[in-house]
Amino acid sequence: MYSRIAGTGSYLPERVLTNADLEKTVDTTDEWIRTRTGIERRHIAGDGETTSMLAEHACRRALRAAGLTVEDVDFIVVGTTTPDRVFPNTGTLLQERLGIHNCPAFALETACSGFVYALSVADKYVRLGEAKCALVVGAECLSRITDWTDRATCVLFGDGAGAVVLTPSVEPGVVATHLHSDGRYKDLLYFPYGVSDGFDKLKAGAKQGITMQGNDVFKVAVRTLSRLVDETLAKNGIEKHQIDWLVPHQANLRIIQSAADKLDMPMDKVIVTVHEHGNTSAASIPLALDTAVRDGRIRRGQLLLMETFGGGFTWGSALVRF
Ligand code: ACO
């Protein structure tokens, strides 16, 4: 028994923030942002719009694409770094929005790797026969934890959500997932406030947002993703040329290009949305996937390699026969 992606969906908040808009608020230029990151614009959640709201839109679209309804759903997992609340967890809040009751619903928090981690977990439940219609979601409101006065980070991030529906299949589907994590890198990329650590500072009005040693993150990301590509190909007996599409985490165009080089893959076989969405963390891969499915580039039967890297550090890949 395998799991397969029966449908994809995504959602972006209406408000668009361009590089030109950012030029008016911080000391930056469109040219700097585009040449260093590839980003041209990003979407920002409206007042009162939450991560579970973005996720709800993406899930309804994914269910429609799969020809299924909320009544079919029996498992929900959301990757997010920006949950609506500490609790109830965002999976449960999403479940309530969808009008689904009783099935397991939870969120996991592995920064940009959230969707690949969630996919890996849901895949196991479907393979074991314990879920027949799993919603797997990546959703973020990163704009809420961004320091909009810090030009080194505020130009990078955006909000959005993407989802897939996983159903059982006799053929793969999800061929394999490979997950990794190493907390030794916790101080290179983090948000400084939590509940048991830093809550007092947050309550006192401290303003620091996502904090990153961009250069170091960049170098480790390139090195690590290169090893991850090797591992994924070797463990699954796959040759580079067999992969139809690379669907990478959308953090930075230069990091994406280095992964494509590693695979000897021309950029027209790589799904790139970072220019339109910025870095939407856990939402970025399912957003990119849905974009390319809906515009007809990704077709049934093709082999996809998803790869991701994020705060922690966490990283992982998914090899998927679509
Ligand atoms: N506009 C203009 N200048 C800027 C800006 C800006 N927005 N931001 C920084 N600069 C300046 C710096 O101050 C520095 O100036 P200096 O040389 O006078 O000191 C100069 O530009 C170069 O800064 P660097 O940080 O060295 O620039 P770099 O080429 O490394 O690019 C970037 C920065 C884009 C952040 C890059 O390091 C990067 O993409 N890193 C990885 C990000 C990433 O992948 N994150 C992972 C996932 S995120 C997650 O998990 C939530």
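Going by the numbering used here, the first residue of the sequence shown is number -8, and it counts up by one from there.
Glycine residues also receive a C-beta, built at the ideal position from the N, C-alpha and C atoms.
#1: Quick check on the DSSP output: the alpha helix (DSSP H) that includes A152 runs from which residue to which?
#2: Within 10 angstroms of its Cβ, does F182 collect 16 or more other Cβ (buried), or is it exposed?
#3: Taking Cβ to Cβ, would you say V117 is nearer than 8 Å to P159?
#4: Helix, strand or coil, according to DSSP, for F97 in the structure here?
#5: Of all the options F304, P239, V186, which has the alpha carbon lying nearest to the alpha carbon of V77?
#6: Let me check you understand the geometry: is the CB of A143 closer than 7 Å to at least one non-hydrogen atom of the ligand ACO?
#7: On a Cα-Cα basis, can you pick out the residue from D65, A113, D75 that is closest to G90?
#8: Taking buried to mean at least 16 other C-beta atoms within 10 Å of its own C-beta, is V208 buried or exposed?
#9: Is any heavy atom of the ligand ACO found at a distance shorter than 7 Å from the C-beta of S272?
#10: Which residues does DSSP list as the beta-bridge partners of M203?
#11: At 4 residues or longer, and completely inside the segment 187 to 265: list those alpha helix (DSSP H) runs for me, N to C.
#12: When the distance is taken between beta carbons, is L294 closer than 8 Å to I234?
#13: Would you kindly work out how many angstroms separate the C-alpha atoms of A102 and T72, rounded to a whole number?
#14: Give the straight-line distance between the Cα atoms of D259 and G29, rounded to the nearest whole angstrom.
#15: At what residues does the beta strand (DSSP E) containing M297 begin and finish?
#16: Considering Cα atoms alone, identify which of A98, L3, C145, G149 is closest to Q241.
Judging by the given coordinates:
#1: Residue numbering aside, residue 152 sits at position 161 when the sequence shown is read from its first letter. Looking at the DSSP string, A152 is not in any alpha helix (DSSP H); the run it does join, the beta strand (DSSP E), is 150 to 160.
#2: Here residue 182 is taken as the residue at index 191 of the sequence shown, counted from 1. Buried, because 16 or more other Cβ atoms sit within 10 Å of the Cβ of F182.
#3: One-based indexing of the sequence shown puts residue 117 at position 126. One-based indexing of the sequence shown puts residue 159 at position 168. Contact flag set, yes.
#4: In the sequence shown, counting from the first residue as 1, residue 97 sits at position 106. Three-state result, F97: strand.
#5: Here the question's residue 77 lines up with position 86 in the sequence shown. It is V186.
#6: What you label residue 143 is simply residue 152 of the sequence shown in a count that begins at 1. At least one heavy atom of the ligand ACO is nearer than 7 Å to the Cβ of A143, so yes.
#7: Counted from its first residue, the sequence shown places residue 90 at position 99. With distances taken between Cα atoms, G90 lies closest to D65.
#8: Within the sequence shown, numbered from 1, the residue matching residue 208 stands at position 217. The residue is buried, with at least 16 neighbouring Cβ atoms inside 10 Å.
#9: Walking along the sequence shown from the start, residue 272 turns up at place 281. Yes, the ligand ACO has a heavy atom inside 7 Å of this Cβ.
#10: Residue 203 sits at position 212 when you count from the first residue of the sequence shown. Paired residues: L180.
#11: 190 to 194, 205 to 226, 244 to 253
#12: On the sequence shown, residue 234 is found 243 positions in, with the first residue counted as 1. On the sequence shown, residue 294 is found 303 positions in, with the first residue counted as 1. For I234 and L294, yes; Cβs fall inside 8 Å.
#13: For the purposes of this step, residue 102 is taken as the residue at position 111 of the sequence shown. For the purposes of this step, residue 72 is taken as the residue at position 81 of the sequence shown. Cα to Cα, the separation comes out at about 5 Å.
#14: If you number the sequence shown from 1, residue 259 lands on position 268. If you number the sequence shown from 1, residue 29 lands on position 38. Using only the alpha carbons, I get a separation of about 15 Å.
#15: Indexing the sequence shown from 1 puts residue 297 at position 306. Start and end: 294 to 301.
#16: Taking the sequence shown and counting its residues from 1, one reaches residue 241 at position 250. Per the C-alpha coordinates, the member of A98, L3, C145, G149 positioned closest to Q241 is G149.
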